[in-house]
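Sequences listed follow chains A and B, in order. Counting along the first sequence from 1, when you hit position 159 you're at 143 in the working numbering, and nothing is skipped either side. Quick note: to get the working numbering, add 6 to the position in the second sequence (first position is 1). Everything below concerns the one structure shown next.
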Amino acid sequence: MLTVILILFPLALSLILLAIRQEKAIRQFALAGSLIEFGVAVAAFIQYKTSCHCNLLFSADWLATLGVSLRFGMDGISLLMVMLTTFLVPVIILSSFNHAYERPSAFYSLILLMEMALVGVFVAFDGLIFYIFWELALIPAYFICAVWGGNDRIRITFKFFIFTFVGSLFMLVALIYLYFRTPFPHSFDFQSLYSATLTPVEQAWIFAAFFLAFAIKIPIFPLHTWQPDTYTVAPAAGSMLLAGIMLKMGIYGMIRWMIPICHQAVQQFAPVVIILSITGIIYASVIAIRQSDMKRLVAYSSIAHVGLIAAGVFALTPWAMEGAVIQMVSHGINIVGLFIVIDLIEQRTGSRTIGELGGIALKAPRLAAVFMIILLGSIALPLTNGFTGEFLLLLGLFEYSKIFAAIAGVTIIFSAVYMLWMYQRTMLGKTSEATEKISDLSLAETVIFIPLVIMIFWIGIFPGLFLDIALPDVMQILNFIK
Amino acid sequence: MTLLITLIPLFPLLGFLVLGLGFRSVPKKLTSLIGPGTILLSFILSLIIFFNFRQFAGSPVQHLFSWLRIGPLDIPFAFLIDPLSLLMLLVVTGVGFLIHLYSVGYMKDDPGYNRFFAYMNLFVFFMLLLVLGANYLIMFIGWEGVGLCSYLLIGFWFKNQAFNNAAKKAFIMNRIGDLGFLLGMFLLFTTFDSLSFDRVFTLAKSMPVGNPVIVAITMLLFIGAIGKSAQIPLYTWLPDAMAGPTPVSALIHAATMVTAGVYMIARSNILYVLAPATMAVIGITGLATALFAASIAIFQNDIKKILAYSTISQLGYMFVGLSVGAFTGAMFHLTTHAFFKALLFLGAGSVIHALGGEQDIRNMGGLRTRLPKTYWTFLIGTIAIAGIPPLSGFFSKDEILLHLFGHSFPMWLLAVIGSLMTAFYMFRLLYLTFFRNFRGTEDQIHHLHESPPVMTTPLIILAALAALGGLLNIPEIFNGGSWLSVFLAPVFADAASLAAPPVTISPGAEWLLMAVTLTGVIVMVFWAWTRFVKRQPELLPDSAKRPFLVNLLSKKYYIDELYDHIIVKPILWLSRFFHEVVEIRFIDRFVNGVGNMVVWTGNTVRYIQTGNVGFYMFMMILGVILILFLNILI
């Protein structure tokens, strides 16, 4: 039942929000609602961990004749993704309080609608339902970027929309095709889709269709060109939703759907995907070195980081897969933290161009300290969350191929290069015209970062809780690979 | 006992948290207490453990909690207490405490006082993790952690972008090495299914010498050591690291962090003994670094840079020692070097402090009478590093040289040449700084002052250690008991049994070797004296025309410029190429092209929808015929 509440509650919130007029009330309602949602997720986590391991399943017939049913449930991997989503949404809402967005009720309502769709993607146990939520998530994302975004937002958001939408259509075709290959009676239930009988050629086609949908979302090189523009032009909250949570839909989809359904093709094409991912790591890292816009730099760094996750997924080893799951969580936390820092700087100075900043640490030491901690997480320093994930990813990749691991490992050097460069040019040195009067974090702003910083160290120092909960399901997914 | 061991790194961590979280509200007096106090507590605990060491013989590994556990991968947070880690513990906390104490005086007027001690405490915490870790991963946590603190402290005065560049360079060059370490760990893990020292070494013992996997592992780990311990080709960050406050240079870039590579190899001695190929590489790298850095040091004029190159060179000696299996010798030299190099850096700090920030020895001179305590302690440090008996450096260096002689005569000869250079540049530094007349400004003369007791006391204690440190391991030839060798023997026992027995050298030959080296050193000291004290020293400004070789050495062989041209610039070029050409002109244009093609197709195909029913029917029939036709065909 908790699973359904997790989907319906944000939907209800989002609808009620539209009726509220007063801006302050809207914010408080949105924040309180999202916190309750997080509470529900924690309750689900506790229930999963302690009493059952029953996947918190909910099932109801919907289009029974077509074999579509409202099946929702969570295994360890979904649970972590839901935790990540419900954890980040209140943080994102809180960080938006600094902005006086026009039509705030619509803005916060869309965020909550997005939360509902994202949770839906992660808990769907039915192929068609998964697809519906997958597409549903695109709509609020599109509007958030297109309405509240920056310069040139219409063109860029349109490109983003078309790009991901086209990918998704291929997935829909694949799902329908699969449906007809499932054992009789045909059904979109995931167990049934898993047992679809496919010839190798069919597998390859299904693989290609799924891959296109997921790889665009993540994005994997060379399907990434929508991403830097979109992250840059989106409003802060939009970038956070896209990079923090939405891209995980793609990785999650690979783990949940691609590997079990077309496992032979996955094995067959794994080297290709890994090579693409690693190319993306190096390519995006090298580009990030010279970016002058902080947001764009982080956008490219994200391509590099998720490239490693994708490579890890396709290494098809337990460590890499565990690393991928943990790193999805860590990446979400770190990139949201980075975008908040950038947003705060931009609001205070009116600029996020690296060349125009500098010396912020002199004026705002608390902001500088928080930035440093998040940066360390993102460059994978041991005892931070980034290290736990990347260590496992690289170890798993190493098991798959030593050369690939060595090349992908270069990311730990490059990430230090561009991140420290950005930090140096914005935080250190002498103050510039823009940063002369910058103020330090207020108490309320500090509060936003506390949960993020706690998670950075928690996952870094005691990752056991998170690793253990995902392990049985990771092993189960890998069981498909024989 | 587990509690006691846990407390050792915990105290500095607590110090960091208190100073770091409340960094502006902690009063300065309290900081002066917390900063050095936490390290003192750790030192006392280390001493307690040292004197009760026998209790640990049964269970050296102290398990704290499980860190990473996934199926067969189980890496606990565990500490290892054995003679090797104990020695390092004492050096790190002991010398660390003295340097913290000195910093109370040195950093007194700095606005970032609390931040400084917060970082320093954090550094000691990570250094202790590095030393205490019972597996490679815990060691790696410390390894990267000290790198972070090094970064933070080199760029401590972060208003200055040149300092920040130095800090960033240090971090990145270390990261290059760390990637090697990381890959080495992966290979270790996939080979032995474990990263814990006892398990890996037990399994490795039964493997044949020269096993290619072991060679690969040791090479990869050595890459990590090259970065951390500033060896060729990754040494260029260390001279730049002198941008940090001088106590940082003493603690991190001389006494402790940079020796981590030596410690790591000594710790992995069994693996390295099994990989003669790697040992040869270490020997060549170490020897080349020792000579190369020493030659650069001769023509430098910045007091801290000279000491930095000297550190690189001395680290090279330690690696040479390791490469011929002189593990005890290397650790012995590490210890005495920690004493005398920390002393020299702190002495240099005292000089810089007295001169209001001046670091160029061309603008010094005559400080002997003005800074007597600094002078006498600095003199002791100089004699010690030059290898003149009976000070500590003589014994530790001699042990390495002796092993080297047994191993290969040319290597011994080159090492001796290196130590002659060491004697020369160190006495050049001493003479130019403390002898003849003061060459600075009038203003500086008025402000010349000996440092306060809080700074001179650590100098005096370190001078005593630098003088007497040799007692740790007096060889048999002087009727000594070689205490350190006996103490460390259990750690290196397996390696000793695996390696070829060292060539025994007759006492006569041993005396002769010592005499040869010592004579050379004394000649160097006098030569330096004639050039820099007896005569007016020739001090050329940087702009002066110099002979080619001198110029080459003053410019540090143009290595930084070389790296800039062959690595940094190409990567920047590549970055622009990827972004402006590949990304925008190629990939994105292609993607947009696909989009445009769809639009074009739509525009074209829509003309088919004419609304003419007859045309539609025609097309339908055509379609049916086509399908039937295809059916027959297939």
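Don't be surprised by glycine CBs; every beta carbon is placed ideally from N, CA and C.
Any chain B beta carbon closer than 7 Å to residue i
{"i": "Glu306/A", "result": "yes"}
{"i": "Arg5/A", "result": "no"}
{"i": "Tyr402/A", "result": "no"}
{"i": "Leu451/A", "result": "yes"}
{"i": "Pro366/A", "result": "yes"}
{"i": "Tyr126/A", "result": "no"}
{"i": "Ala16/A", "result": "no"}
{"i": "Tyr267/A", "result": "yes"}
{"i": "Gly393/A", "result": "yes"}
{"i": "Thr209/A", "result": "yes"}
{"i": "Ala390/A", "result": "yes"}
Proximity to residue i [Cα-Cα], best of the options
{"i": "Asp327/A", "options": "Phe22/A, Leu346/A, Phe355/A, Trp303/A", "result": "Phe355/A"}
{"i": "Phe22/A", "options": "Val75/A, Glu86/A, Leu41/A, Trp46/A", "result": "Val75/A"}
{"i": "Ala254/A", "options": "Ile422/A, Gly343/A, Phe388/A", "result": "Phe388/A"}
{"i": "Asn217/B", "options": "Met191/B, Val279/B, Ser156/B", "result": "Val279/B"}
{"i": "Lys551/B", "options": "Gln542/B, Lys561/B, Lys114/B", "result": "Lys561/B"}
{"i": "Ala6/B", "options": "Met179/B, Leu277/B, Tyr323/B, Leu27/B", "result": "In the structure as shown, chain B starts at 7 and stops at 640, and residue 6/B therefore has no counterpart that could be examined."}
{"i": "Phe195/B", "options": "Leu244/B, Cys155/B, Asn141/B, Leu407/B", "result": "Asn141/B"}
{"i": "Lys279/A", "options": "Phe114/A, Gly361/A, Ala220/A, Leu54/A", "result": "Ala220/A"}
{"i": "Cys129/A", "options": "Asp59/A, Tyr215/A, Ala84/A, Trp118/A", "result": "Tyr215/A"}
Residues that residue i contacts on chain A, provided the C-beta gap is smaller than 7 Å
{"i": "Gln237/B", "result": "Simply none; closest approach about 18 Å."}
{"i": "Ile182/B", "result": "Ile397"}
Under 8 Å by beta carbon: chain A residues contacting residue i
{"i": "Asp199/B", "result": "By Cβ distance, chain A contributes nothing, its closest Cβ being about 12 Å from Asp199/B, past 8 Å."}
{"i": "Asn170/B", "result": "Gln408, Leu412, Gly413"}
{"i": "Ile577/B", "result": "Val270, Ile273"}
{"i": "Leu154/B", "result": "Leu360, Leu365"}
{"i": "His69/B", "result": "Within chain A, no residue comes near His69/B; the closest Cβ sits about 14 Å away, beyond 8 Å."}
Whole-angstrom C-beta distance between residue j and residue i, which should lie under 8 Å
{"i": "Phe473/A", "j": "Thr368/A", "result": "With chain A covering -15 to 466 only, the question about residue 473/A has no answer from this structure."}
{"i": "Phe172/A", "j": "Gly111/A", "result": "4 Å"}
{"i": "Ile10/A", "j": "Leu1/A", "result": "6 Å"}
{"i": "Phe106/A", "j": "Ser62/A", "result": "5 Å"}
{"i": "Ser261/A", "j": "Phe398/A", "result": "About 15 Å; that fails the 8 Å criterion."}
{"i": "Val658/B", "j": "Ile312/B", "result": "Any answer about residue 658/B is impossible in this case: the structure gives chain B only from 7 up to 640."}
{"i": "Gly183/B", "j": "Ile232/B", "result": "6 Å"}
{"i": "Ile309/B", "j": "Ala354/B", "result": "5 Å"}
Closer than 9 Å at the beta carbon, the chain A residues around residue i
{"i": "Leu196/B", "result": "A quick correction: the sequence has Thr, not Leu, at residue 196/B. Leu379, Phe382, Glu383, Lys386, listed in chain order."}
{"i": "Gln167/B", "result": "Gly342, Gln408, Arg409, Leu412, Gly413, Lys414"}
{"i": "His571/B", "result": "Going along chain A, no residue has its Cβ under 9 Å from His571/B, so there is no contact; the nearest lies around 17 Å."}
Contact list for residue i against chain B, beta-carbon separation under 8 Å
{"i": "Trp303/A", "result": "Ile76, Leu79"}
{"i": "Ile146/A", "result": "Gly601"}
{"i": "Leu455/A", "result": "Ile76, Gly77"}
Chain A contact for residue i (CB, 7 Å cutoff)
{"i": "Phe532/B", "result": "no"}
{"i": "Leu361/B", "result": "no"}
{"i": "Ile232/B", "result": "no"}
{"i": "Phe207/B", "result": "no"}
{"i": "Ser581/B", "result": "yes"}
{"i": "Val597/B", "result": "yes"}
{"i": "Leu185/B", "result": "yes"}
{"i": "Phe164/B", "result": "yes"}
{"i": "Lys174/B", "result": "yes"}
{"i": "Glu150/B", "result": "yes"}
Contacts that residue i makes with chain B (C-beta to C-beta distance below 7 Å)
{"i": "Thr419/A", "result": "Correct list: empty, because the minimum Cβ distance to chain B is about 13 Å."}
{"i": "Pro206/A", "result": "Ile593"}
{"i": "Gly448/A", "result": "Ser72, Arg75"}
- Complete alpha helix (DSSP H) runs within the segment 225 to 290 of chain B (minimum length 4 residues, chain order): Qualifying alpha helix (DSSP H) stretches, in chain order: 243 to 246, 252 to 256, 266 to 273, 275 to 279.
- Item | Ranges of the alpha helix (DSSP H) found wholly within the segment 246 to 311 of chain A, counting only runs of at least 4 | Counting whole runs of 4 or more residues, the segment 246 to 311 of chain A contains the alpha helix (DSSP H) stretches 247 to 272, 278 to 299.
- Query: Residue ranges of each beta strand (DSSP E) run of no fewer than 3 residues wholly in the segment 4 to 60 of chain A, ordered along the chain?
  - Reply: Within the segment 4 to 60 of chain A, the beta strand (DSSP E) runs of at least 3 residues that lie entirely inside it are, in chain order, 42 to 47, 52 to 56.
- List in chain order: all unbroken alpha helix (DSSP H) runs of 4+ residues lying wholly within the segment 82 to 128 of chain A. List check, alpha helix (DSSP H) in window: 88 to 107.
- What residue ranges within the segment 391 to 426 of chain B form continuous alpha helix (DSSP H) runs of no fewer than 4 residues, ordered along the chain? Whole alpha helix (DSSP H) segments, 4+ residues: 398 to 413.
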